[in-house]
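Residue numbers (UniProt numbering), protein chains in the order written: chain A, 1 to 283; chain B, 1 to 283. Ideal Cβ placement from N, Cα and C applies to all residues, glycine included. Given the structure is predicted, the values throughout are model-derived calculations rather than measurements.
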DNA sequence: GGCGACGATACCGTCCGGGTATCGATCCGG
DNA sequence: CCGGATCGATACCCGGACGGTATCGTCGCC
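Here's what the structure looks like:
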């Protein structure tokens, strides 16, 4: 199977419309129809049920959609990592580490300092981004390592090492009645009048339906909490980032959050291995 | 990047010889040279240092070799899984489970029975193979789930659930002086006169140098032990497979072995999920 | 210094991927 | 019930990319 065929199929499977898919791919519709037919013939499988009005995925088709996306990601990753390897041979950027903007600044600083002190350390570029984006960057080979937070981030398909576990706190506007409590339970804060929990985007960038404000990152969220429009359940370490308008109370029954360092398997890079080793030795 | 280019590059990178690589690919040498040049131009990276006498991988080249192999595996996997999905829609084979021939028959039987009793269970085909082969089958999409043994098998890039941990025993010919002991340590059995530990093949099928007989599977190994030509350190559960000529003694300081069930990430199959859930509920 | 091995280059034919035009089927409005 | 619109499939044509053969340039080696 050629990646071209895969790209074509994925486009059609996502659009469920040959015309739109062809436009997205920048080709005409007839060659696309032909390519899909050829692919089906070669695989000996019907991938799409099509009438002249509708296109639907078959069982085999949805398997190929999922697997094909992963395969295309792997090919893209190979390309990006090769380019990056060529550049870093010619000079600068050694490693790209991606972390959520809300990640513990303390842990990150400690890690970078400790690694920089290692013999043979290479320059580390830090990319901060919203949640869910990290996974994509790592999968596509635009980053070498990521700091992820289980159970919120999926570590599926990556190698990981645990760096530490912490409980969670609820972040509230200063002066909220609950802030006098030594601790609370989840039941105390779900459905708090006027302070809904926020909605985070799904991996595809859309928001699940329901109440609560839509947020993209932690700074936005804290802003909303300070404005009295939301409350937030976050790892304890976020307390270091709270200012006077905000208060935090431990939530006893919230799932604890594990910070992990994650990297793509097949990574043969000594730099990644060194960084991971440094990270695991931190505590 | 097209998979054709990747396949070409991987062939050259493995052979380090354009002529041989071309023969392996079934094409002539000039088109291969051209294809590699094109790839290098498109990537903007030198992948191979070549003189008219030698070919060597650059840094970027070895990155592309590792990443490219993984990407090609992913593409092959997509193809195989799609074919299998199309077949299973048309009838039989539901899941392929791959286990080492030496795996605990007891656990395997329990798992298969329990899963078969689940509502909506599909037929499970069991493939037994030597160690290291499982990883390949799973990665290439020829199998859906595997029973692996940490730390011997690499679970890199797979999702896993632990099924249980057990200690190890040393398997000796019946009547050997050590068999009267209640337990031993590793130091007692390394360098045992006339009873070396065997050598297992590396993932590429070759054997590491050193003393000790070469073995491919557990049955071979037990045969050798019974013949008094080797001793073996194995998980406790192998005791169920020992006959009169063999004896087992616990090894206190051998690393304990964890049996895990592993499956490829992106697996959206309900059958795999059911089987895994069944497995984790076993104990 | 000449021979042999090997990768690069030159040149050519063919097949395949992509384009335009059109068909056939289905849905929808009147 | 009919005509237009929409959408995927088919027919046909063209250009470029891929593969093959012949040959060159270079390097190592006897």
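Does residue 132 of chain A come out as helix, strand or coil in the three-state DSSP assignment?
Walking along the first chain from the start, residue 132 of chain A turns up at place 132. Correct three-state label for residue 132 of chain A: coil.
Here's a check: name, in chain order, each residue in its chain whose Cβ is nearer than 8 Å to the Cβ of residue 76 of chain A, leaving out the five neighbours to either side.
Here residue 76 of chain A refers to the residue found at position 76 of the first chain. These residues qualify, in order along the chain: 140 and 141.
If I'm right that residue 233 of chain B touches residue 170 of chain B with Cβ under 8 Å, what's the distance once you round it to whole angstroms?
Within the second chain, the letter at position 233 stands for residue 233 of chain B. Within the second chain, the letter at position 170 stands for residue 170 of chain B. That belief holds up - the Cβ atoms of residue 233 of chain B and residue 170 of chain B are roughly 5 Å apart, short of 8 Å.
Quick one: is residue 107 of chain A buried, meaning 16 or more other Cβ sit within 10 Å of its Cβ, or exposed?
Numbered from 1 along the first chain, position 107 holds the residue referred to as residue 107 of chain A. Buried, by the Cβ-count rule.
Kindly identify the DSSP beta-bridge partner or partners of residue 272 of chain B.
Residue mapping note: residue 272 of chain B aligns to position 272 of the second chain, counting from 1. For residue 272 of chain B, which the question treats as bridged, DSSP gives no partner whatsoever.
Skipping 5 residues on each side, what residues in its chain have a beta carbon closer than 7 Å to that of residue 166 of chain B?
In the second chain, residue 166 of chain B corresponds to position 166, counting from 1. Around residue 166 of chain B: 235, 236, 237, 256 and 257.
Taking residue 100 of chain B as the reference, give the member of B:53, B:217 and B:154 with the closest Cα.
Taking the first residue of the second chain as position 1, residue 100 of chain B is located at position 100. That would be B:217, whose Cα lies nearest to the Cα of residue 100 of chain B.
Which whole-angstrom value is the C-beta distance of residue 61 of chain B and residue 11 of chain B, which I expect to be below 8 Å?
As a position in the second chain, residue 61 of chain B is number 61, starting the count at 1. As a position in the second chain, residue 11 of chain B is number 11, starting the count at 1. That belief does not hold up - the Cβ atoms of residue 61 of chain B and residue 11 of chain B are roughly 13 Å apart, past 8 Å.
Would you list, in chain order, the members of the stretch 177-203 of chain B that have their beta-carbon closer than 8 Å to a beta-carbon of chain A?
Taking 8 Å as the Cβ-Cβ cut-off against chain A, none of the residues of the stretch 177-203 of chain B qualify.
What ranges does the beta strand (DSSP E) occupy inside the UniProt domain "HTH lysR-type" (1-58) of chain A, keeping only unbroken runs of at least 3 residues that lie completely in it?
You should have 48-50 and 55-57.
Starting from residue 43 of chain B, find everything on chain A with Cβ-Cβ shorter than 9 Å and list it in chain order.
For the purposes of this step, residue 43 of chain B is taken as the residue at position 43 of the second chain. Near residue 43 of chain B (Cβ distances below 9 Å), the residues of chain A are 79, 82, 83 and 86.
Within its chain, find whatever has a CB closer than 8 Å to the CB of residue 240 of chain A; leave out the 5 residues flanking it on each side and keep chain order.
The residue labelled residue 240 of chain A in the question sits at position 240 within the first chain. Within the same chain, residue 240 of chain A has close Cβ partners 104, 105 and 106.
Exposed or buried, residue 181 of chain B, counting other C-beta atoms within 10 Å across all chains shown (16 or more means buried)?
Numbered from its first residue, the second chain carries residue 181 of chain B at position 181. By the 10 Å Cβ count, residue 181 of chain B comes out exposed.
Take every Cβ of the stretch 262-275 of chain B, pair it with every Cβ of the stretch 184-193 of chain B, and state whether three or more of those distances are shorter than 8 Å.
Touching, no, given that fewer than three Cβ pairs across the two stretches are closer than 8 Å.
Is the CB-CB distance between residue 145 of chain A and residue 272 of chain A below 8 Å?
As a working mapping, residue 145 of chain A is identified with position 145 in the first chain. As a working mapping, residue 272 of chain A is identified with position 272 in the first chain. Yes.
What residues in its chain sit with their C-beta under 6 Å from that of residue 63 of chain A, if we drop five residues either side in the sequence?
Mapped onto the first chain, residue 63 of chain A falls at position 63. Closer than 6 Å at the Cβ level, and outside the excluded window around residue 63 of chain A, lies no residue.
Residue 13 of chain A CB to nearest chain B CB: under 8 Å?
Position 13 of the first chain, counted from the start, is the residue given in the question as residue 13 of chain A. For residue 13 of chain A, the answer is no, since every Cβ of chain B falls outside 8 Å of its Cβ.
To which residues of the same chain is residue 115 of chain A closer than 6 Å at the C-beta, ignoring the five residues directly before and after it?
Indexing the first chain from 1 puts residue 115 of chain A at position 115. These residues qualify, in order along the chain: 121, 275 and 278.
In chain order, what residues of the same chain have a beta carbon less than 6 Å from the beta carbon of residue 25 of chain A, not counting five sequence neighbours either side?
Walking along the first chain from the start, residue 25 of chain A turns up at place 25. Closer than 6 Å at Cβ, skipping near neighbours: 11.
Give me the DSSP bridge partner(s) of residue 148 of chain B.
If you number the second chain from 1, residue 148 of chain B lands on position 148. For residue 148 of chain B, which the question treats as bridged, DSSP gives the partners B:260.
Going by C-alpha to C-alpha distance, which of B:282, B:223 and B:1 sits closest to residue 173 of chain B?
Taking the second chain and counting its residues from 1, one reaches residue 173 of chain B at position 173. Among B:282, B:223 and B:1, the Cα nearest to that of residue 173 of chain B is on B:223.
According to DSSP, which residues form a beta bridge with residue 250 of chain A?
The residue you call residue 250 of chain A lines up with position 250 of the first chain. Per DSSP, A:169.
Of the residues A:186, A:188 and A:220, which one's Cα is nearest the Cα of residue 199 of chain A?
Against the first chain, residue 199 of chain A aligns to sequence position 199. The shortest C-alpha separation from residue 199 of chain A is found at A:220.
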